[in-house]
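Below is one structure; the comments refer to it alone.
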Amino acid sequence: MARLTAPRRLLQTSLALLLGCSAFASQAQPADGAAVAAWPHKPVRLIAAFAPGGAVDILARGVGEVLQRETKQPFVVENRTGAGGNIGADYVAKAAADGYTMLIGLDTSFTVNPLIYKSMPFKNGDLRPVMVFASQGMLMAVSPKTNIKTLEQFIARGKDKGLTLGSAGYGTPGHLASSILTYATGAKVNHVPYKGNAPATLAMLSGEVDGGVISSTAMLPHVTTGKITALAVTTAQRNPLLPEVPSVAELGHKELQQEVLFAAWVPSSTPEPLVQKIQAQFEKAMKDGTLRERMRVNDMVYEGLTGDAAVKRIQALADRYRVLAQATGMKME
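Going left to right, the sequence shown walks through residues -25 to -1, 1 to 308 as mature numbering (1 follows the signal peptide of the UniProt record, and there is no 0) numbers them.
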C-alpha cells in the first residue's frame, strides 16, 4: 500500500499550499495541412487505460460510438490496462502523433502515479490533454457483513481492529483515498489492489475485503439493491443519484474529498491544427443526448474543458497530490 507518514495537522496545513507549474506544455510540431484536412480517413484507436466494464471503458465506448457515426470512420476501443493507467498512457505517448491513437483515461496517470512509482515509462510532457470530459466522486462503502452503517463507525473500526480496503489497483483513486484515510483519521488500513473496479467490487460483495473507496459507476447497482452499504461520497455535495448518502464534507471530513477526471490525451507533438480538429469533434460528441445520459447514469459530471482550461484543471489536482506527497512521504511499496 502507499504509506503516508505525516500527522493530520500537517496534512491539513499542507493541503492549503497548492503550488506548481504546468507539466503539460505543448510540444506540437508543424502541421501537414493535407493530413489535418483528411482526418480521419482511416480507423482511430481509442486506448482505454483501464479495464473493460469500468467507467473509463464505458465513456470511451460511448464517445467512440458518436464519433464513428459522425465521421463515418471506425473508432476502435482497445483496453491496455495495468500499472494504474501507465501502460495505456505509455503506449499512446510512443504512438505516432497523427491523431489516430488517443488515450482515454484518468488524471491519476499524470497526477498520482509520478508520485508513487519509482520510475515512470513516460513523462507528463509526452502527452497533452485534448478534453476533460467529466469528473466523478467516489463512494466509501463496506460489505454489509461488517455491520458498519456510518463513516464514524468505519473510522472507529479502523482504529480499533483495522480494515481491509480494496481498490481498482495501485495508483488508482481508491488507492490514494485509502492512504489519505489512514493518515487523516488514524484508521489502520490494509490496501488490497485488484485489477479494476469490477473485481474490487466483487471482493466487497463476497466479504473478501471489508470495504473500499471505489468508482461510483461500479457500485451504484449494488448500493441501490442493498448489497453494499454506502457510507459517504467523496465530494463536497451529495450525489444526485444517491441523495440519501452524505458527503464527506458535511460529515466533517473535508480532507477526504477526492474526485477523478476523465479526459482524452494525444502525443504532445501532435500538430496544433489537428488537436483543434479533434477537440472540435469531441465538443460535438459531447452534445449528443444519448452519450450525456450515459454519462449521467454512470455518475459522470460533465465538464467539457479544452485548451488551457483542461490543463489547469488537471494541474490543480497534480499540485494538490504533490503537496500531499511532500507532507506525508507517500510512496509505492
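Glycine included, C-beta positions come from ideal geometry on N, C-alpha and C.
By the beta-carbon neighbour count (other beta carbons within 10 angstroms, threshold 16), residue 101 is buried. The stretch 161 to 179 makes contact with the stretch 122 to 140: 3 or more CB pairs, one atom from each, lie closer than 8 Å.
Taking all protein chains in view, the Cβ of residue 283 is surrounded by fewer than 16 other Cβ atoms within 10 Å, so the residue is classified as exposed. Uninterrupted alpha helix (DSSP H) stretches at least 4 residues long and entirely within the stretch 124 to 164 occur at 126 to 135 and 148 to 160, given in chain order. Considering only 78, 111 and 95, the residue with the shortest C-alpha distance to residue 271 is 111. With three or more CB-CB distances shorter than 8 Å, the stretch 194 to 210 counts as touching the stretch 115 to 123. Taken through DSSP and simplified to helix, strand or coil, residue 226 comes out as coil.
Collapsing the DSSP output to three states places residue 204 in a strand.
With fewer than 16 neighbouring CB atoms inside 10 Å of its own CB, residue 7 falls in the exposed class. The stretch 33 to 50 makes contact with the stretch 255 to 267; the number of CB pairs closer than 8 Å reaches 3 or more. Taking all protein chains in view, the Cβ of residue 208 is crowded by 16 or more other Cβ atoms within 10 Å, so the residue is classified as buried. In the assembly as shown, residue 150 is a buried residue. Its beta-carbon has 16 or more other beta-carbons within 10 Å. CA-CA distance, residue 279 to residue 108, rounds to 5 Å. In the DSSP assignment, residue 21 forms a beta bridge with 52 and 77. The continuous alpha helix (DSSP H) containing residue 248 extends over residues 247 to 260.
An exposed status is given to residue 12, since fewer than 16 other beta-carbon atoms sit within 10 Å of its beta-carbon. Excluding its 5 nearest sequence neighbours in each direction, residue 66 has C-beta neighbours in its own chain below 7 Å: 22 and 55, listed in chain order.
Looking from the CA of residue 158, the closest CA among 263, 125 and 231 belongs to 231.
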